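Data first, discussion second: the structure below is written as structure tokens.
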Amino acid sequence: MTTETNLNDPLTEWCGHSGAVVDVVSGQEIIECVRCGFRHVVPLPTVDSLIETYATEYYRDEKPAYLIHAGEDYEWATLNYRDRLDMLTAHLSVGQRSLLDIGSGPGLFLKFAADCGWRVHGIDPSIQAAAHTREMGLPVTQAFFGSENVGDLGTFDVVHMNNMLEHVPNPRELVEKASTHLSENGLICIGVPNDYNPLQEALRDKGGFDPWWIVPSHHLNYFTFDSLNRLLTAAGFRVLSQTTSFPMELFLLMGDNYVGDDALGRSCHNKRKQFELLLQRAGQGNLRRELYEVFAKLGLGREAIVIAQKA
Ligand SMILES: [Zn+2]
Numbered sequence: 160m161t162t163e164t165n166l167n168d169p170l171t172e173w174c175g176h177s178g179a180v181v182d183v184v185s186g187q188e189i190i191e192c193v194r195c196g197f198r199h200v201v202p203l204p205t206v207d208s209l210i211e212t213y214a215t216e217y218y219r220d221e222k223p224a225y226l227i228h229a230g231e232d233y234e235w236a237t238l239n240y241r242d243r244l245d246m247l248t249a250h251l252s253v254g255q256r257s258l259l260d261i262g263s264g265p266g267l268f269l270k271f272a273a274d275c276g277w278r279v280h281g282i283d284p285s286i287q288a289a290a291h292t293r294e295m296g297l298p299v300t301q302a303f304f305g306s307e308n309v310g311d312l313g314t315f316d317v318v319h320m321n322n323m324l325e326h327v328p329n330p331r332e333l334v335e336k337a338s339t340h341l342s343e344n345g346l347i348c349i350g351v352p353n354d355y356n357p358l359q360e361a362l363r364d365k366g367g368f369d370p371w372w373i374v375p376s377h378h379l380n381y382f383t384f385d386s387l388n389r390l391l392t393a394a395g396f397r398v399l400s401q402t403t404s405f406p407m408e409l410f411l412l413m414g415d416n417y418v419g420d421d422a423l424g425r426s427c428h429n430k431r432k433q434f435e436l437l438l439q440r441a442g443q444g445n446l447r448r449e450l451y452e453v454f455a456k457l458g459l460g461r462e463a464i465v466i467a468q469k470a
């Protein structure tokens with residue numbers, strides 16, 4: 160079960176955000192925020208204070224191996240990209256093939272979608288990531304989405320935000336702003352880490368683990384399927400479908416403690432890649448997709464991935 164608010168938990172209030180303190184990591188409190196409906200760090204940094212970090216430091220300091228690994232992972236990654244586009248097209252008409260990727264990173268998903276015939280545009284604050292996207296000949300705006308210098312992007316059939324909302328101090332505002340870039344019957348697709356999930360809680364309660372998923376230096380918000388769906392509903396969306404990625408906590412439960420061990424983490428990642436690719440090669444891609452939809456229904460899986468439509 161996820162952590163439940165206990166009447167004995169200390170309460171914190173900060174600038175209109177208030178709720179029980181569910182964890183304190185690196186001196187930063189995580190609250191179950193009553194106003195936002197999801198867990199987040201308090202105090203929250205300002206957008207301005209994050210711009211420098213994400214413009215220059217993130218891919219240099221936090222993700223230095225990203226592109227090397229992306230090369231090694233290409234075949235596996237395209238499985239996921241294919242799944243993502245298939246999930247979207249299931250809810251779109253034949254002519255609806257345009258996609259705005261907010262937090263597009265180095266542009267690998269954009270490239271895949273463009274190669275599949277989609278009209279695409281990326282936005283990312285990182286100078287290095289935007290340069291990589293441009294080198295592949297794809298349109299990208301190097302900026303923080305929500306800032307004044309984004310310019311006129313127009314509308315798209317899909318707005319995609321993967322591993323982005325956990326980083327920003329104003330997710331609800333960004334989802335509402337993203338919805339203004341959607342064409343009629345357009346879809347939003349959001350992927351975030353699925354945190355405080357039942358397997359993580361089991362490892363914390365009985366496995367001797369500290370809550371390793373809390374990284375307040377970069378992750379300000381901690382969503383579950385329920386809290387992400389609540390945010391989307393509050394922002395005027397109707398949730399259409401949800402899925403997840405492999406529940407990496409299974410490795411921890413089986414004794415492979417990759418927390419803080421990058422080499423073992425990479426090894427576990429390679430095992431899940433092997434699992435997914437082998438099923439695919441065996442013609443059982445549908446089984447994999449259905450399995451992950453079932454995991455999502457149970458609140459499990461490493462990510463909460465949700466597709467929703469403007470209500
Ligand atoms: Zn809040």
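Throughout, the numbering used here is defined as the position within the sequence shown, counted from one, plus 159. Built from N, CA and C at the ideal position, the CB exists for glycine as well. Nothing here was measured: the structure is a model prediction, and the numbers come from that model.
Query	Result
Contact set for H378: own chain, Cβ-Cβ below 6 Å, skip 5 residues either direction	E325
Sub-8 Å separation of A236 and P265 beta-carbons	no
Short Cβ contact (8 Å threshold) for S386 with I466	no
H378: CB within 7 Å of a non-hydrogen atom of ligand 1	no
Check your reading: residues with Cβ closer than 5 Å to ligand 1 heavy atoms	H176, C192, R194 and C195
C-alpha distance - N239 paired with E191, whole-angstrom precision	31 Å
Ranges of the alpha helix (DSSP H) found wholly within the region 417 to 457, counting only runs of at least 4	421 to 440 and 444 to 456
Cβ-based burial, F434 [other Cβ within 10 Å; buried from 16]	exposed
Test item: CB-CB of V184 and T171 under 8 Å	no
8 Å Cβ cutoff met for C275 and V317	no
Close Cβ partners of A214 (< 7 Å) along its chain, the five nearest in sequence each way excluded	P284, S285 and I286
Reduced DSSP secondary structure (H/G/I, E/B, other) of N239	helix
Which of helix, strand or coil DSSP assigns to Y233	helix
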